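Take a look at the structure set out below.
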Amino acid sequence: MKKKVLLGMSGGVDSSVSAILLQEAGYEVIGATMKLWNEPAQSTNGAIEDAKKVCKRLGIEHHVIDLQKEFKKNVVDNFICEYMCGKTPNPCVQCNKYMKFNMFYKIAQDYDCEYIATGHYAKIIYSEKYNQHVLIKSKSNKKDQTYFLYGIDRNILPNILFPLSEFEEKDDIRKIAKEHGLEIATKKDSQEICFISDNNYSKFISEYNKNIKFKTGDILLNDGTVLGKHNGLIHYTVGQRKGLGISYKEPLYVLKLDKENNNVIVGTEKELYSKKLRANELNFLIPIEFEKELTIKAKVRYRANEALAKLFVKDNIAEVEFEEPQRAITPGQSVVFYKDDIVLGGGKII
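Mapping to numbering that gives the first Met the number 0: the sequence shown position 251 is 250, numbers consecutive.
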């Protein structure tokens with residue numbers, strides 16, 4: 000009897016080719032599209048129709064799972080709350096943690112599926128060293144998405160399949176789609192934030208909740224010198240240079256959002272660099288020794304390079320000290336810990 004897998008299908012080329020690869024590997028594939036957001040930004044109906052067409056072409060079942068209520072609670076509301084607290088959230092991390100793996104795995108049980116699968120660029124293998132399944136980087140460093148996946152429950156790692164783990168070029172994936180006659184072979188990749196079509200998050204938040212008001216305040220240097228006014232902390236993020244509306248003898252960047260005093264602190268690029276950070280909301284995919292210093296590599300944003308660092312965890316707070324200063328360490332973003340190519344875990348920067 001074939002092993003059954005529930006595949007998350009977005010209607011895009013990655014998840015569609017994942018269905019083909021799983022079929023060729025001998026799995027019984029069931030396609031499922033999660034309906035997360037019923038607004039034009041996500042083009043939900045278009046995604047569902049594309050996924051249905053692919054499933055019909057490949058001869059597999061397709062189901063639509065309405066999770067709008069859960070998505071609003073776990074992703075959208077969290078996104079707004081973080082921004083209103085002067086942080087810069089990463090909704091993809093939140094969505095993977097709660098929706099695309101945790102909740103999706105529970106749904107898979109209803110379809111008697113032993114496995115779940117997605118079109119992420121990542122890999123899971125069994126490690127003799129750790130005596131468990133581990134999450135490692137995909138073959139393509141350029142497309143690797145393990146940064147977004149550290150929040151997965153480690154207990155379900157043995158039940159997750161990533162069919163695209165060995166691919167390095169998107170053109171190779173599109174070629175497979177074309178060879179199988181899939182119309183989505185040339186479909187563009189989706190945007191980063193699925194529920195915000197124009198990437199204008201402040202506009203989205205103000206329209207989503209009419210009661211939210213953005214308070215004006217001061218833009219300051221570290222020494223307290225007032226350089227101008229801001230029109231709400233939500234419009235700024237650490238590392239930002241453009242759109243500050245101030246003049247100075249040298250380029251200035253946002254260093255910190257001072258929520259308590261409603262100020263934007265700015266400074267030179269040199270001041271953007273720091274060796275230390277703290278993180279909470281930790282999740283470890285491999286058990287580590289707490290209150291013991293570990294040598295690791297860590298990255299503070301998706302596009303950043305991994306950097307050598309020391310990790311110390313106590314009372315569910317991670318303290319990280321990098322060997323070399325890192326640019327624009329941003330509260331609300333995630334820091335992810337690696338040992339070789341293996342994801343140890345991660346947390347949210349505070």
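Even for Gly, the Cβ is constructed at its ideal location relative to N, Cα and C.
Since we're looking at a predicted model, the values are computed, not measured.
Taking only the alpha-carbon atoms, compute the straight-line gap between residue i and residue j and give it to the nearest angstrom.
i: Ala40; j: Glu288; result: In this prediction, Ala40 scores a pLDDT of 47, lower than 50, which makes its location untrustworthy; no coordinate-derived value is stated.
i: Glu292; j: Asn89; result: 27 Å
i: Thr294; j: Cys91; result: 27 Å
i: Tyr272; j: Arg300; result: 14 Å
i: His119; j: Phe161; result: 6 Å
i: Asn77; j: Met0; result: 42 Å
i: Tyr247; j: Ile183; result: 49 Å
i: Val225; j: Lys52; result: 58 Å
i: Lys3; j: Gly345; result: 30 Å
i: Tyr82; j: Val16; result: 36 Å
i: Asn282; j: Asp152; result: 8 Å
i: Tyr114; j: Glu249; result: 55 Å
i: Ser14; j: Thr267; result: 43 Å
i: Leu243; j: Pro330; result: 19 Å
i: Asn130; j: Ser164; result: 21 Å
i: Leu20; j: Ala50; result: 16 Å
i: Gln239; j: Glu270; result: 13 Å
i: Gly223; j: His61; result: 59 Å
i: Lys202; j: Gly58; result: 42 Å
i: Val319; j: Arg56; result: 49 Å
i: Ile328; j: Leu251; result: 16 Å
i: Ile211; j: Ile159; result: 40 Å
Exposed or buried, residue i, counting other C-beta atoms within 10 Å across all chains shown (16 or more means buried)?
i: Cys94; result: buried
i: Tyr125; result: exposed
i: Cys112; result: buried
i: Gln108; result: exposed
i: Asn73; result: buried
Taking the alpha carbon of residue i as the point to measure from, which residue in the options has its own alpha carbon closest?
i: Ile123; options: Glu113, Leu148, Leu256; result: Leu148
i: Met98; options: Tyr110, Gly85, Thr117, Tyr82; result: Thr117
i: Cys84; options: Val265, Asn261, Phe203, Tyr207; result: Asn261
i: Ile175; options: Leu343, Lys338, Glu23, Phe336; result: Glu23
i: Leu343; options: Ile172, Tyr146, Lys1; result: Tyr146
i: Gln144; options: Leu181, Lys128, Glu191, Asp170; result: Glu191
i: Leu284; options: Lys55, Met102, Ile155; result: Ile155
i: Lys258; options: Phe213, Ser196, Met102; result: Phe213
i: Asp354; options: Asp197, Lys142, Arg326; result: Summary: the structure shown does not reach residue 354, with the chain confined to residues 0 through 349, and so no result is reported for it.
i: Ala121; options: Lys55, Pro286, Asn140; result: Asn140
i: Leu181; options: Cys54, Gly25, Arg326; result: Cys54
Within its chain, find whatever has a CB closer than 6 Å to the CB of residue i; leave out the 5 residues flanking it on each side and keep chain order.
i: Glu290; result: Lys313
i: Lys96; result: Gly150
i: Tyr337; result: Lys296, Glu305
i: Leu232; result: Gly85, Leu256
i: Glu322; result: Leu307
Report, in whole angstroms, the separation of the C-beta atoms of residue i and residue j, which I expect to be a contact under 8 Å.
i: Ile348; j: Leu276; result: 5 Å
i: Gly45; j: Gly10; result: 7 Å
i: Ala18; j: Met8; result: 7 Å
i: Asp340; j: Lys136; result: 5 Å
i: His132; j: Pro157; result: 5 Å
i: Ala297; j: Val237; result: Not quite, the Cβ-Cβ distance comes to about 17 Å (not below 8 Å), so this is no contact.
i: Val350; j: Leu307; result: The requested residue 350 does not occur in the structure, where the chain is confined to residues 0 to 349.
i: Leu310; j: Ala317; result: 6 Å
i: Ile245; j: Gly216; result: No, Ile245 and Gly216 are not in contact; Cβ-Cβ is about 13 Å, not under 8 Å.
i: Ile29; j: Tyr104; result: Ile29 to Tyr104, Cβ: 14 Å. No contact.
i: Asn208; j: Ile79; result: 7 Å
Might you give, ordered along the chain, the residues of its own chain that have their beta carbon closer than 8 Å to the beta carbon of residue i, omitting 5 neighbours on each side?
i: Ile106; result: Leu5, Ala31, Ile64
i: Pro324; result: Tyr272, Ser273, Lys274
i: Ile47; result: Gly10, Thr32, Lys34, Val63
i: Ser189; result: Ser9, Gly11
i: Ile172; result: Val12, Asp13, Val16, Leu163, Phe166
Tell me which residues share the same chain as residue i and place their Cβ nearer than 7 Å to its Cβ, disregarding the 5 neighbours each side in the sequence.
i: Tyr235; result: His229, Val253, Leu256, Val263
i: Trp36; result: Thr43, Gln67, Phe70, Cys193, Phe194
i: Gln332; result: Thr87, Asn89, Val299, Arg300, Ile348
Examine the ligand PLP and report whether any of its heavy atoms sits within less than 7 Å of the Cβ of residue i.
i: Lys255; result: Among the components of this structure there are no ligands whatsoever, and the ligand PLP is therefore not found.
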